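Okay, structure first, notes after.
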Amino acid sequence: MTTSLAPSSADDPLAYRPVALVDLLDRVLATGVVISGDITIAIAEVDLVRISLRALVASVGALAPPEPPDAVPADVHRAPEMPA
Amino acid sequence: MSSTADVLPATGPARPGCGVWLHGVTRDVDPALLATTRGMDGAAVRAVRAAGLVAVVSAAPLCEYGEEALRRNLEDLAWLERAARTHHAVVAALSRAAAVVPARLATVHHDDTRVAGQLTARRVELTAVLDRLTGHDEWGVKGYVVPGATPRTAEPAGSGGAGAAYLRRRRAQLTARDEGQRIAADAALSVHEALAGHAVAARRHPPQDRRLSGASTAMVLNGAYLVGQGAVAGFRRLVDSLAGRHPELRLELTGPWPPYSFAEERPAGPALAVREPAC
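If you're matching them up, the sequences are chains A and B in order.
Just so we're aligned, residue 0 is where the first sequence starts under numbering that gives the first Met the number 0, counting upward by one.
Just so we're aligned, residue 0 is where the second sequence starts under numbering that gives the first Met the number 0, counting upward by one.
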């Protein structure tokens with residue numbers, strides 16, 4: 000288990016149960032209606048998920064043990080990398 | 000001032016030095032809900048009304064949410080978590096009250112007039128999405144490989160020295176792993192198709208990186224399903240039944256979620272790429 004990505008009790012206490020950050024980021028970064036904001040147009044044109052995953056993996060890497068050697072290729076889809 | 004932005008009198012327009020962070024679009028919103036829901040700056044969220052729609056927004060100080068600051072902050076895990084959870088809390092509160100089209104994280108406009116302009120320009124599309132989402136929630140189903148639940152290939156016999164035997168064993172292990180992954184991927188596909196059959200819309204997100212999820216085995220399904228509120232009990236039963244039918248997968252149900260994964264009309268046409276002209 001990682002530490003900072005575990006469900007947080009600070010989340011909404013009512014009908015929506017506490018959610019894991021990683022599940023939330025799947026949704027708020029990669030989906031949701033794209034109504035281009037003036038300020039974030041430049042950011043919206045690159046892949047937000049990749050930007051943030053790069054940061055997350057860097058942050059989590061300091062907390063969690065390294066990826067097991069048996070990691071499956073499926074993980075490659077979300078490998079951190081610089082956007083073009 | 001433009002007349003398109005009809006801001007609730009109790010709150011007022013964006014402050015100088017602040018952008019306008021869009022949380023989501025809905026048909027109408029209870030002022031009491033706005034007053035008790037905190038936005039990005041910790042103050043109550045506001046409504047920007049235009050074209051019969053309501054954009055729920057909050058003030059986003061440009062020192063933190065301007066373009067350069069966002070680039071930096073999106074790479075800061077603590078900042079990103081706080082922003083994502085704050086945004087989600089607003090979207091979830093709206094979603095409990097009525098259908099909402101959630102905005103993607105970090106959608107920041109210069110002012111209310113620009114937000115209102117988007118509502119007007121995209122009224123038809125937003126209204127259609129709201130119609131489709133009304134009475135539905137998003138549910139997530141994740142599937143993880145169960146180690147040892149897939150057949151193993153027998154240890155091959157053969158001639159040669161210890162080195163050759165090692166290589167044969169290693170090849171057999173890799174073959175078994177490939178076979179296990181193929182079986183898990185097939186199971187993920189059948190589970191997804193069965194769940195999609197019980198949902199009004201379905202999509203698969205990329206599997207989560209185990210460094211982020213902390214999962215002990217590989218994820219082979221990261222599905223999102225838009226389910227009618229009257230059909231949830233049946234959906235839950237289906238998940239249970241699929242878990243029983245597929246011991247090679249461990250299924251995990253999350254939700255209900257606001258319909259983040261179904262906020263866009265499909266297929267994504269050029270209309271979705273409409274951008275505001277530059278200043």
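Cβ atoms here follow ideal geometry from the backbone N, Cα and C, with glycine treated the same way.
What you are looking at is a predicted structure, and each value in this text was computed from that prediction instead of being measured.
Next item on the list: Would you mind listing the alpha helix (DSSP H) stretches within the stretch 158–216 of chain B that are 4+ residues and don't spill past its ends, in chain order?
Entry: Listed in chain order, they are 161–196 and 209–212.
Margin query: Using a 10 Å radius around the Cβ and a threshold of 16 neighbouring Cβ atoms, would you call residue 192 of chain B buried or exposed?
Written below: Residue burial is scored here from C-beta neighbours: residue 192 of chain B has fewer than 16 other C-beta atoms within 10 angstroms and is therefore classed as exposed.
Checklist line | Identified DSSP bridge partners for residue 138 of chain B | finding: Answer is B:224, bridged to residue 138 of chain B.
Margin query: Just to make sure I have the definition right: I need the residues of chain A whose C-beta is within less than 8 Å of the C-beta of residue 166 of chain B. Which are they?
Written below: Going along chain A, no residue has its Cβ under 8 Å from residue 166 of chain B, so there is no contact; the nearest lies around 18 Å.
Notebook entry, point to check: Mind checking residue 17 of chain B: buried by the 16 CB within 10 Å criterion, or exposed?
Noted result: Counting Cβ neighbours within 10 Å, residue 17 of chain B comes out buried, since at least 16 surround it.
Item checked: Where the stretch 238–266 of chain B meets chain A: residues whose CB sits under 7 Å from a CB there -> Listed by position along the chain: 253, 255, 256, 259, 260, 262 and 263.
Checklist line | Local Cβ density within 10 Å of residue 17 of chain A, reported as buried at 16 or more and exposed below that | finding: Result: exposed.
Next item on the list: Below 7 Å CB to CB, which residues in the same chain sit around residue 259 of chain B once its five sequence neighbours on both sides are set aside?
Entry: Once the five neighbours on either side are set aside, the close Cβ partners of residue 259 of chain B are 101 and 137.
Checklist line | Where the alpha helix (DSSP H) containing residue 97 of chain B begins and where it ends | finding: Run containing residue 97 of chain B: none; DSSP gives neither H nor E here.
Item checked: Within 7 Å, strictly: CB atoms of residue 86 of chain B and residue 61 of chain B -> For the pair residue 86 of chain B and residue 61 of chain B, the CB atoms are not nearer than the 7 Å cut-off.
Next item on the list: Determine the DSSP secondary structure at residue 30 of chain B, reduced to helix, strand or coil.
Entry: Correct three-state label for residue 30 of chain B: helix.
Next item on the list: Check whether the stretch 109–123 of chain B touches the stretch 50–59 of chain B, counting contact only when three or more Cβ pairs, one atom from each stretch, lie closer than 8 Å.
Entry: Touching, yes, given that three or more Cβ pairs across the two stretches are closer than 8 Å.
Margin query: Quick check: what's the CA-CA separation for residue 301 of chain B versus residue 27 of chain A?
Written below: Residue 301 of chain B lies beyond the stretch modelled for chain B, which goes from 0 to 278, so this question has no answer here.
Check: In this structure, does DSSP put residue 21 of chain B in helix, strand or coil?
Finding: The answer is strand: DSSP assigns residue 21 of chain B an E or B state.
Note to self: I'd like to know whether the C-beta of residue 207 of chain B is nearer than 7 Å to at least one C-beta of chain A.
What the structure shows: Judged by the 7 Å Cβ criterion, residue 207 of chain B is in contact with chain A.
Notebook entry, point to check: How about residue 225 of chain B and residue 198 of chain B: do their beta carbons lie closer than 7 Å?
Noted result: Residue 225 of chain B places its beta carbon less than 7 Å from that of residue 198 of chain B.
Margin query: Please tell me whether residue 295 of chain B and residue 99 of chain B are closer than 7 Å, where the distance is taken between their beta carbons.
Written below: Shown here, chain B extends from 0 to 278; a query on residue 295 of chain B therefore has no answer.
Note to self: Three Cβ pairs or more, each shorter than 8 Å: is that satisfied between the stretch 236–252 of chain B and the stretch 127–134 of chain B?
What the structure shows: In short, these stretches do not touch, since the Cβ pair count stays below three.
Next item on the list: Rounded to whole angstroms, what's the CA-CA distance from residue 117 of chain B to residue 27 of chain B? Just pull it up for me.
Entry: Cα-Cα distance, rounded: 16 Å.
Next item on the list: Can you pull the chain A residues whose beta carbon is under 9 Å from the beta carbon of residue 58 of chain B, in chain order?
Entry: Scanning chain A for C-beta atoms nearer than 9 Å to the C-beta of residue 58 of chain B yields nothing, as the closest lies near 13 Å away.
Next item on the list: Could you work out which residue in B:139, B:42 and B:93 is closest to residue 19 of chain B when comparing CA atoms only?
Entry: Comparing Cα-Cα distances from residue 19 of chain B to each of B:139, B:42 and B:93, the minimum goes to B:42.
Next item on the list: Compare the Cα-Cα distances from residue 141 of chain B to each of B:227, B:46 and B:203 and report the closest residue.
Entry: The alpha carbon of residue 141 of chain B has as its nearest neighbour, out of B:227, B:46 and B:203, the alpha carbon of B:203.
Margin query: With the cut-off set at 7 Å, would you say residue 40 of chain B and residue 68 of chain B are in Cβ contact?
Written below: In this structure, residue 68 of chain B does not lie closer than 7 Å to residue 40 of chain B by Cβ.
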